[in-house]
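Enquirer: In this note's numbering, the protein residues as written are 435 to 624. Just so it is clear, CB atoms sit at the ideal spot from N, CA and C, and this is done for glycine as well.
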Amino acid sequence: MTENNMVLPGEKLSTSEELLSGDGTFEEDGIIKAARVGKYVVDEKNRRAMVKPVTSIPVLLKKGDTVLAEVRFIRSSMIIANVIHVKGENRRISGDTNGTLRVSEISQSYVKDPASEFSLGDIIRAKVTQVNPNIQLETKDRSLGVIKGLCTKCRHSLIKKDNILECENCGNKERRRTAIDYGNYDLNNL
Ligand SMILES: [Zn+2]
Numbered sequence: 435m436t437e438n439n440m441v442l443p444g445e446k447l448s449t450s451e452e453l454l455s456g457d458g459t460f461e462e463d464g465i466i467k468a469a470r471v472g473k474y475v476v477d478e479k480n481r482r483a484m485v486k487p488v489t490s491i492p493v494l495l496k497k498g499d500t501v502l503a504e505v506r507f508i509r510s511s512m513i514i515a516n517v518i519h520v521k522g523e524n525r526r527i528s529g530d531t532n533g534t535l536r537v538s539e540i541s542q543s544y545v546k547d548p549a550s551e552f553s554l555g556d557i558i559r560a561k562v563t564q565v566n567p568n569i570q571l572e573t574k575d576r577s578l579g580v581i582k583g584l585c586t587k588c589r590h591s592l593i594k595k596d597n598i599l600e601c602e603n604c605g606n607k608e609r610r611r612t613a614i615d616y617g618n619y620d621l622n623n624l
C-alpha cells in the first residue's frame with residue numbers, strides 16, 4: 435500500500451519486517467493491516483505504520499447518503515452493518531452507526547437468504563434510506579453491494595474473477611452481492 439492513500443479496515447499496509455504496527459493498525463501473521471478507515475501514513479522516525487482517522491468533527495448521517503459499512507451480523511431476514519464512512523465526508527460518524535439492511539432491500543431481484551449475498555466482515559457500499567428511529571440501508575443499485583469481501587475459510591481478500599470471487603490465498607470460491615466496481619474501487623473517491 436502506498437502512503438497517503440485512504441484504506442479500509444483489514445487492508446494490508448506493510449509487513450512486520452518493514453514496519454511496526456502503530457495507531458489504527460494491527461498485526462496478523464506478519465502483515466500489518468488497517469484497523470479503521472483513514473489515511474495510511476508512516477511515522478518514519480519510529481518506523482511505524484499508522485492509519486489516521488480523517489478528522490474528528492463528527493458527521494450525522496442523512497437520508498440519501500452513500501456509505502461504507504462493515505457486515506457485523508447476519509440474520510434470516512436482515513443484515514446489520516456498522517457504518518464506517520460517509521461518501522464525501524472525511525469525518526467520523528456520530529451517534530448510532532449500526533444500520534439494518536433488510537432482505538427485501540438487498541437486490542432488485544428476489545433474495546431468499548441474506549447469507550447467500552453477504553458474509554461477516556464484508557465491506558459494503560449502501561444507501562441510507564432512513565435515519566430515525568434507526569438507520570436503514572439498501573443495496574439495490576448495481577453501484578451498491580460488497581466492494582471488499584474476505585474468504586470465509588482463511589480471511590484473506592477475495593479477488594473477482596468473471597462472476598465468482600476467489601480467495602487469493604486458498605483458492606476458495608465464493609459468491610456475493612458485489613458492487614459493479616468490486617476490487618476496482620477508488621478509495622480516495624468513495
Ligand atoms: Zn481463503
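1) Are the region 473–485 and the region 453–462 in contact at 8 Å, needing three or more beta carbon pairs?
2) By DSSP's criteria, Gln542 is part of a beta bridge. Which residues make up the other side?
3) Are there 16 or more other CB atoms within 10 angstroms of the CB of Lys587, so buried, or fewer, so exposed?
4) Give the secondary structure of Val501 by DSSP, where H, G and I count as helix, E and B as strand, and everything else as coil.
5) With respect to the beta strand (DSSP E) encompassing Asn532, which residues constitute its N-terminal and C-terminal limits?
6) What is the C-beta distance between Val674 and Phe552, in whole angstroms, given that I count them as a contact (C-beta under 8 Å)?
7) Write down the C-beta distance between His590 and Glu602 rounded to the nearest angstrom, noting that I regard them as a contact closer than 8 Å.
8) For Pro567, tell me which candidate among Ser450, Leu495, Ile466 has the shortest Cα-Cα distance.
9) Does the distance from the CB of Arg576 to the CB of Ile614 come in under 7 Å?
10) Write down the C-beta distance between Ala503 and Ile518 rounded to the nearest angstrom, noting that I regard them as a contact closer than 8 Å.
11) Can you find the residues in the same chain that come closer than 7 Å, C-beta to C-beta, to Ile508, ignoring five residues on each side of it along the sequence?
12) Under 6 Å: does the beta carbon of Asn568 sit that close to some heavy atom of ligand 1?
Expert: So, from the listed chains and residues:
1) At 8 Å Cβ cutoff, the stretches touch.
2) In DSSP, Gln542 forms no bridge with anything.
3) Result: exposed.
4) Val501 falls in the strand class under three-state DSSP.
5) That run of the beta strand (DSSP E) goes 532–536.
6) For residue 674 there is no data in the structure shown, the boundaries of the chain being 435 and 624.
7) That pair is a contact at about 5 Å.
8) The residue with the shortest Cα to Cα distance from Pro567 is Leu495.
9) Yes, the pair counts as a contact, with Cβ atoms nearer than the cut-off.
10) Separation of the CB atoms of Ala503 and Ile518 is rounded to 6 Å, and the pair is thereby assigned contact status at 8 Å.
11) Around Ile508: Pro548, Ala549, Phe552, Leu554.
12) Of the heavy atoms belonging to ligand 1, none sits nearer than 6 Å to the Cβ of Asn568.
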